[in-house]
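**Q** Residue numbers (mature numbering (1 follows the signal peptide of the UniProt record, and there is no 0)): -20 to -1, 1 to 255.
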């Protein structure tokens, strides 16, 4: 009888311990946690394709497809088009999952990564052997997809072969000679020869003095001077200079110091050589 009483007491205490909670209210049973997104083996849909090897699943999970290399820039558009046509809004099964990566099986059980590599649309990454490497080798040998045309390699531009065009051939040769000098003055002669190969009809000859010389009188031509710059134009009877012909003019000049010979002449705006 005493043993039965003890058993009843123990049952009462055990029941109270199982149902007791704060404030004397029974504690609710624990709720089951929801499963993680895209668990291995689960079926889902691909709702977006971000690039040739990155997708977004129906639950919002974004992940890269395992074992696929990033496509090169010139192959990226074709890879994106292939992945979009194959996976977008399609039912797939997540066969395995690692942080940030998934392996996707198509409804017929085909592994998408294997299909993409076998079609030559993407290359493998982090794979040392097996069906993926074998598929990539065959696609390369058959020149499928991206293997049909490799991305062009950038090459440095060849060095420019262009050179500065040579100056035009001179049309004239000028000989400047001081015939005589005396204190504060001098007399000079200038001969212009036509080497252009064409008839010169009317001309203007220009030069610049370096030592402050001044032309005081000229014959066979008309002269004007502005500072050191001298401009000579033909007389009526010296206007024509036949090819390989020449014309001479002379002048008197004043000078107060050195009397150096001008080194540069132009005829009708074209440079002459000096002789």
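Even glycine gets a Cβ: it sits at the ideal position worked out from N, Cα and C. Bear in mind the structure is a predicted one, so any value in this text is a computation, not a measurement.
Would you give the residue range spanned by the beta strand (DSSP E) that residue 250 belongs to?
**A** 250 to 254 is the extent of the beta strand (DSSP E) around residue 250.
**Q** Evaluate contact between the region 154 to 165 and the region 205 to 215, counting only Cβ atoms and requiring at least three cross-stretch pairs below 8 angstroms.
**A** Contact fails: fewer than three Cβ-Cβ distances are below 8 angstroms.
**Q** Give me, in chain order, the residues of the same chain whose beta-carbon lies closer than 6 angstroms to that of residue 176; leave out the 5 immediate sequence neighbours on both sides.
**A** For residue 176, where only same-chain residues beyond five positions count, the Cβ hits under 6 angstroms are 151.
**Q** Report the three-state DSSP secondary structure of residue 103 (helix, strand or coil).
**A** DSSP places residue 103 in coil when its eight states are reduced to three.
**Q** Let me check one thing: in DSSP terms, what residues is residue 258 bridge-paired to?
**A** One cannot answer for residue 258 here, as it falls past the ends of the chain, which runs -20 to 255.
**Q** Just tell me which of 108, 178 and 67 has its CA closest to the CA of residue 224.
**A** Of the listed residues, the one whose Cα sits closest to residue 224 is 178.
**Q** Taking the Cβ atom as the reference point for each residue, do residue 242 and residue 183 lie within a distance shorter than 8 angstroms?
**A** No; because the gap between Cβ atoms is not below 8 angstroms, this pair is not in contact.
**Q** Restricting to runs no shorter than 4 residues, where is the alpha helix (DSSP H) found entirely within the region 65 to 101?
**A** The qualifying runs are 92 to 98.
**Q** Give the C-beta separation of residue 72 and residue 86 to the nearest angstrom, bearing in mind that I take them to be a contact with Cβ-Cβ under 8 angstroms.
**A** Right, their Cβ atoms sit about 6 angstroms apart.
**Q** Report the partner residues of residue 43 according to the DSSP bridge assignment.
**A** Its beta-bridge partners are 35.
**Q** Taking the beta strand (DSSP E) that residue 195 falls in, what are its first and last residues?
**A** Residue 195 -> beta strand (DSSP E) spans 194 to 199.
**Q** What does a CB cutoff of less than 6 angstroms around residue 155 pick up in its chain, not counting 5 residues either side in sequence?
**A** Hits under 6 angstroms: 171 and 255.
**Q** Can you give the Cα-Cα distance for residue 201 and residue 218, rounded to whole angstroms?
**A** Roughly 7 angstroms separates the two Cα atoms.
**Q** Tell me whether residue 53 is buried or exposed, calling it buried when 16 or more other Cβ atoms sit within 10 Å of its Cβ.
**A** Residue 53 is exposed by the Cβ-count criterion.
**Q** Out of curiosity, what's the CA-to-CA distance linking residue 108 and residue 100?
**A** Using only the alpha carbons, I get a separation of about 18 angstroms.
**Q** Determine which residues share a DSSP beta bridge with residue 23 and list them.
**A** Looking at the DSSP assignment, residue 23 forms a beta bridge with 73.
**Q** When DSSP labels each residue in this structure, what does residue 209 get in the three-state scheme?
**A** Note: residue 209 maps to strand in three-state DSSP.
**Q** What is the residue span of the beta strand (DSSP E) that residue 247 lies within?
**A** Unbroken beta strand (DSSP E) run through residue 247: 245 to 247.
**Q** Could you compute how far the alpha carbon of residue 208 sits from the alpha carbon of residue 253?
**A** Approximately 20 angstroms between the Cα atoms of the pair.
**Q** Return the CA-CA distance between residue 102 and residue 50, expressed in angstroms with no decimal places.
**A** Those two C-alpha atoms are separated by around 8 angstroms.
**Q** Taking 8 angstroms as the threshold (C-beta atoms), are residue 47 and residue 95 in contact?
**A** It is not a contact, given that the beta carbons lie outside the stated cut-off.
**Q** Specify, as a first and last residue, the run of the beta strand (DSSP E) that residue 184 falls within.
**A** Residue 184 -> beta strand (DSSP E) spans 184 to 188.
**Q** Nearest-angstrom Cα distance between residue 244 and residue 251?
**A** C-alpha separation (whole angstroms): 8 angstroms.
**Q** Provide the residue(s) that pair with residue 171 in DSSP beta bridges, ordered along the chain.
**A** Residue 171 is bridged to 155 and 228.
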